[in-house]
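Novice:
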Amino acid sequence: MRVLLVGSGGREHAMAEAIARSPRLEALFIAPGNPGTAALGTNVAIAADDVPALVALARAERIDLVVPGPEAPLVAGLADACAQAGIPCAGPSRAAAELEGSKSFTKEICDAASIPTARWERFDAAAPALDFVRRRGAPIVIKADGLAAGKGVVVAQTVAEAEEAIRAMMDDAALGEAGRSVVIEECLTGDEISLFAFCADDTAVLIGAAQDHKRIGEGDTGPNTGGMGAVSPPAGFDRARQEAALDLLVRPMLAEMVRRGTPFRGVIFAGLMLTEDGPKLIEYNVRFGDPEAQALLIRLQSDLLPALASVADGTLDAADIRFSDDHSVSIVLAARGYPGRPAAGGVIAGLEQAGALPGVHVFHAGTRRDDQGRIVAAGGRVLTVCATGPTLAQARARAYDGVAAIRWDDAVWRRDIGERALRASS
């Protein structure tokens, strides 16, 4: 098969590595890719959300399957454009991608399909939103309704924090169009889990689960990020519990989407909270998570490519998805200043040494080559160092050994990834 993978992050590097292992692969193109994916296929300098250029590339290279990585091209209609061109795409239509593109749309689906989720209200103006949080009190969650690259959620511990978030999103346009409307919801408590499944119409096949670490600082402090690390599988959340959560939170959504005439095909990422009342949905994403994908895919033993193809053509019932019994840990190395203004241009060394350590994989994200051919930082989340091991403790130790082998002056990372899972499993 000739495959076009869309994206440039650590998730896409991990996906490219998994796809490249397939005996069915004839050629792999990555748009735009990064220095890590360049070793696995052909990088093409097309932005991930440039839908016309991506379709033109797919036609020119006789692509058999388009595999979207991030959400932006899906919300921009990549799958629809591929369908019009007769090119299979393992991702949802623009209408189905609203599950991630609009928080209020997801909440409406949950209400219609009786999916347990936090109580919520949507606001299109700041004044009634401010009045609402003053009446409800804190803690309370403020969410930008649109896409905000993982930075559109504020868990406000005080009313003052909630007011500040509302004003920043709605009055100051800190998140642009994404924050013109907000969803305000009750603050759920419990362990947060990322659950993944391949979906095609009314069929869902479990991929697996991971636990993300969203905040920038140790002890889950500081602002939210796109994710600073992950462990897979989550402690105490075995395959049986994952399947039960799929029945509760994903399959009813698929049925409701079919009923509405907007069936979903692609990877669904259900962010859920394990509350005292059982699992409740926090959000849907319409793609693999980052850094969860890295932690999941290094445990994958089956061929990813036919599973993706079965999503695109609707034959998902026959998908073969198998994982090793190993544990995995992923640690994100971000640039100093992230998630604000990250430092750029710092030279990064030691990547080959880190990748040569037992069980360690290093995935590129915000990197580029300078005019001397050196790897330099060019983004917020720059690298993901992942490792597998027969125990969580061993996987974690290997991952941090990998981090220690990398030399980069501007690197920041959390030193407590997996600690909570270790305590829970002991």
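Each residue of the sequence shown is one higher than the one before, counting from 1 in UniProt numbering.
From the three backbone atoms N, C-alpha and C, an ideal C-beta is built for every residue, glycine too.
Computed from a prediction, not measured in an experiment: that's the story for all the values here.
If we ignore side chains and look at the alpha-carbon of each, how far apart do glycine 176 and aspartate 325 end up?
Specialist: 43 Å
Novice: Among Leu78, Val153, Gly137 and Asn34, whose alpha-carbon lies nearest the alpha-carbon of glutamate 379?
Specialist: Correcting the residue type first, residue 379 is glycine in the shown sequence and not glutamate. Distances from the CA of glycine 379 to each of Leu78, Val153, Gly137 and Asn34 were compared; the closest alpha carbon is that of Asn34.
Novice: Once the 5 residues before and after residue 428 are set aside, which same chain residues still bring their CB inside 8 Å of it?
Specialist: Outside the displayed span of the chain (1 to 426) sits residue 428, for which this structure offers no information.
Novice: Can alanine 312 and alanine 354 be called in contact, C-beta distance under 8 Å?
Specialist: no
Novice: Using 8 Å as the threshold, is the C-beta distance between tryptophan 408 and isoleucine 331 below it?
Specialist: no
Novice: Bridge partners for serine 232 per DSSP, in chain order?
Specialist: Ser328
Novice: Across the region 94 to 110 and the region 274 to 287, are there enough close Cβ pairs to call them in contact, namely three or more that are closer than 8 Å?
Specialist: Contact between the region 94 to 110 and the region 274 to 287 is established, with three or more Cβ pairs separated by less than 8 Å.
Novice: Tell me whether phenylalanine 288 sits in a helix, a strand or coil according to DSSP, three-state version.
Specialist: coil
Novice: Is the beta carbon of alanine 334 less than 8 Å from the beta carbon of tryptophan 413?
Specialist: yes
Novice: Spell out the partners DSSP gives isoleucine 375 in its beta bridges.
Specialist: Arg369
Novice: Using a Cβ-Cβ cutoff of less than 8 Å, which residues in the same chain neighbour aspartate 171 once the five nearest sequence positions on both sides are dropped?
Specialist: Ala126
Novice: For leucine 157, name the three-state secondary structure that DSSP assigns.
Specialist: According to the sequence displayed, residue 157 carries glutamine and not leucine. In this structure, glutamine 157 counts as coil in the three-state DSSP scheme.
Novice: Assuming phenylalanine 196 and valine 267 make a contact with CB atoms under 8 Å, what is their CB distance in whole Å?
Specialist: At roughly 6 Å, the Cβ-Cβ gap stays under 8 Å, so phenylalanine 196 and valine 267 are in contact.
Novice: Given a threshold of 16 other Cβ atoms within 10 Å of its Cβ, counted over all protein chains shown, does threonine 106 qualify as buried or as exposed?
Specialist: Buried.
Novice: Three-state secondary structure (DSSP) at serine 194?
Specialist: strand
Novice: In three-state terms, what does DSSP make of leucine 147?
Specialist: coil
Novice: Let me check one thing: in DSSP terms, what residues is cysteine 89 bridge-paired to?
Specialist: Val66
Novice: On the three-state DSSP scale, how would you describe residue 463?
Specialist: Here the chain covers residues 1 to 426 and nothing more, so residue 463 does not appear.
Novice: Considering threonine 221, what are the terminal residues of the beta strand (DSSP E) in which it resides?
Specialist: 221 to 224
Novice: Got a sec? Which residues, its chain only, sit under 8 Å from proline 88 by beta carbon, not counting five neighbours each side?
Specialist: Asp64, Leu65, Val66, Cys82, Ala309, Ala312 and Asp313
Novice: Please classify arginine 299 as buried or exposed, where buried requires at least 16 neighbouring CB atoms within 10 angstroms.
Specialist: buried
Novice: Identify the residues that DSSP records as bridge partners of leucine 4: which are they?
Specialist: DSSP output for leucine 4 lists Phe29 and Val66 as bridge partner(s).
Novice: Classify aspartate 317: buried if its beta carbon has 16 or more other beta carbons within 10 angstroms, exposed otherwise.
Specialist: When all chains shown are included, aspartate 317 counts as exposed.
Novice: Provide the residue(s) that pair with proline 279 in DSSP beta bridges, ordered along the chain.
Specialist: Answer by DSSP bridge pairing, in chain order: Leu274.
Novice: Buried or exposed, going by whether 16 or more other CB atoms sit within 10 Å of the CB of proline 52?
Specialist: Under this definition proline 52 is an exposed residue.
Novice: Which whole-angstrom value is the C-beta distance of glutamate 12 and threonine 42, which I expect to be below 8 Å?
Specialist: Contact flag wrong, Cβ pair sits at about 14 Å.
Novice: Report, in whole angstroms, the separation of the C-beta atoms of glycine 10 and alanine 365, which I expect to be a contact under 8 Å.
Specialist: 4 Å between Cβ atoms; contact.
Novice: So, at 8 Å on beta carbons, what are the nonlocal neighbours of arginine 215 in its own chain, with the 5 sequence-adjacent residues on each side left out?
Specialist: Answer for arginine 215: Thr221, Gly222, Pro223, Asn224, Thr225 and Met228, listed in chain order.
Novice: Determine the direct distance from the alpha carbon of leucine 246 to that of threonine 203, and round the result to whole angstroms.
Specialist: Between threonine 203 and leucine 246, the C-alpha separation is close to 11 Å.
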